[in-house]
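First comes the structure, then the notes that go with it.
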Amino acid sequence: GPPYSVPLAAAGECPELAGGHGANLGRVHGLGHVEALPGFVVTANAFHAFLEHNNLREAVNKRLCLMEVGNVRLLSSLTLELQELFLAGEVPPKVSTEIKQGLATYLDGTGRLAVRSSALAEDSEISFAGQYASELDVHPDDVLEAYKRVLAGKYCPRAVSYRISNGLTDNDTAMAVLIVPMIDARSSGVVYSLDPDCLSRDSVGIYGVSGLGASLVDGSVVPVKGSLFRDREPRLVSDCAFDR
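Okay, so the sequence shown: first residue is 1 according to this note's numbering, each after it adds one.
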């Protein structure tokens, strides 16, 4: 049942509804001194409502019971069937209404959007980095279709394999969805609190690309990299310096 959406500013208080990604961004709002995006989260409750409205729970469970992570062909076939079921489904009217109200209340209702995964357990002790779908540059009129594509992305082969290998159930990773303004980024990056390319040092790793960060996350572009000592005045680690 409700709530089917929560404002991003309140998402940090309800990770069981907003998922890991949304809850962490909600905590940024709570800091007060850091500029944070506006937006809202379509909750994990809405995911369950989608399942019930489209009578999908039995169909999903049936296919999950047949999966064998080591059987790539079977995994690909079953996950494709699951994704098609979600894409063919209808967003429940109450969920659809809350999404449209969220666009009007928390965003200007006209600008392009980023519609992103925020599954339960995502961005936690288990990161799920790069496992789920993000829909970028979405027109507000297309937000419901983008929402369904993010739900369907919960069942892509790599995400299902990752979930099973980490011992999580399907309900442990119910899909909440984050809706925020699309940013026309000049450059994007990822910061690691422990630099994976310079593990011998107590250093922070910075990885950046021009434009949007999707190419960095999916590995299609080699980033510019730097490693900084974890000091009050950060400075480059000479033997883990920037690649150019």
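All C-beta atoms, glycine included, are put in the ideal place defined by N, C-alpha and C.
Note that the structure is a prediction, hence the values are computed from the model and not measured.
Discussion item. By alpha-carbon positions, which one of Ser227, Lys94, Glu81, Asp172 ends up nearest to serine 118?
Written reply: Here residue 118 refers to the residue found at position 118 of the sequence shown. It is Asp172 whose Cα lies nearest to the Cα of serine 118.
Worksheet item: Using the beta-carbon count (16 or more within 10 Å), is phenylalanine 128 buried or exposed?
Response: Start at 1 with the first residue of the sequence shown, and residue 128 comes out as number 128. Note that phenylalanine 128 scores 49 on pLDDT, short of 50, meaning its location in the model is unreliable and no value can be drawn from it.
Practice prompt. Report, in whole angstroms, the separation of the C-beta atoms of arginine 57 and leucine 78, which I expect to be a contact under 8 Å.
Written response: On the sequence shown, residue 57 is found 57 positions in, with the first residue counted as 1. On the sequence shown, residue 78 is found 78 positions in, with the first residue counted as 1. So it is not a contact: roughly 16 Å between Cβ atoms.
Worksheet item: Can you tell me whether DSSP reads alanine 146 as helix, strand or coil?
Response: In the sequence shown, the residue the question calls residue 146 occupies position 146. Alanine 146 sits in a helix when the DSSP states are folded into three classes.
Worksheet item: At a cut of 8 Å, does the region 80–88 reach the region 44–60 through at least three beta carbon pairs?
Response: yes
Item to complete: Tell me whether proline 181 sits in a helix, a strand or coil according to DSSP, three-state version.
Response: Here residue 181 corresponds to residue number 181 of the sequence shown, with the count starting at 1. Strand.
Practice prompt. Taking all protein chains shown into account, decide if arginine 186 is buried (16 or more other Cβ within 10 angstroms of its Cβ) or exposed.
Written response: By 1-based counting over the sequence shown, the position of residue 186 is 186. So arginine 186 ends up on the exposed side.
Item to complete: Take the Cβ of glycine 153 as the centre, count every other Cβ of all protein chains shown within 10 Å, and call the residue buried at 16 or more, exposed below.
Response: As a first step, residue 153 is located in the sequence shown; it is residue number 153 there, counting from the start. Looking at its Cβ environment, which holds 16 or more other Cβ atoms inside 10 Å, glycine 153 is buried.
Worksheet entry | the region 161–168 in contact with the region 16–26 per 3-pair CB rule at 8 Å | Touching, no.
Discussion item. Measuring straight from C-alpha to C-alpha, what distance separates serine 193 and glutamate 233?
Written reply: Counting from one through the sequence shown, the residue named residue 193 turns up at place 193. Counting from one through the sequence shown, the residue named residue 233 turns up at place 233. Their backbone Cα atoms lie some 16 Å apart in a straight line.
Item to complete: Give every residue of the same chain whose Cβ lies closer than 7 Å to the Cβ of arginine 112, excluding the five residues on either side of it in the sequence, and list them in chain order.
Response: Residue 112 sits at position 112 when you count from the first residue of the sequence shown. Result list for arginine 112: Asp137, Val138, His139, Met182, in chain order.
Worksheet item: Between which two residues does the alpha helix (DSSP H) harbouring glutamate 81 extend?
Response: Along the sequence shown, one-based indexing puts residue 81 at 81. Unbroken alpha helix (DSSP H) run through glutamate 81: 72–88.
Worksheet item: Once you ignore the five residues that flank glycine 30 on each side, which residues in its own chain have a CB closer than 7 Å to its CB?
Response: Counting from one through the sequence shown, the residue named residue 30 turns up at place 30. Contacts found: Gly12.
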